[in-house]
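Numbering (this note's numbering), first residue to last: 169 to 216.
Contents: one structure, followed by commentary.
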């Protein structure tokens with residue numbers, strides 16, 4: 169789950185428990201954004 173991975177990286181970054189960088193957080197957020205955009209495109213294509 170992309171959001172869970174992003175949250176885990178964010179927590180590690182905030183607590184300084186590992187060498188997570190802002191670039192890694194940004195990359196994880198972009199992955200989430202891609203999944204969200206795809207989901208909304210699919211929802212928009214559904215005709216009721």
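Virtual Cβ for every residue (Gly too), placed ideally from N, Cα, C.
Owing to the predicted nature of the structure, the values given are computational and were not obtained by experimental measurement.
Measure how close the beta-carbons of residue i and residue j come, nearest whole angstrom, since I'm counting them as under 8 Å.
i	j	result
residue 174	residue 205	Not really, about 15 Å apart at Cβ, beyond 8 Å.
Under the three-state reduction of DSSP, which class applies to residue i: helix, strand or coil?
i	result
residue 176	helix
residue 184	coil
residue 202	helix
residue 128	Nothing about residue 128 can be reported from this structure: the residues present for the chain run from 169 to 216 only.
residue 216	coil
With distances taken from CA atoms, which of the options is nearest residue i?
i	options	result
residue 193	178, 185 and 203	178
residue 171	208, 199 and 213	199
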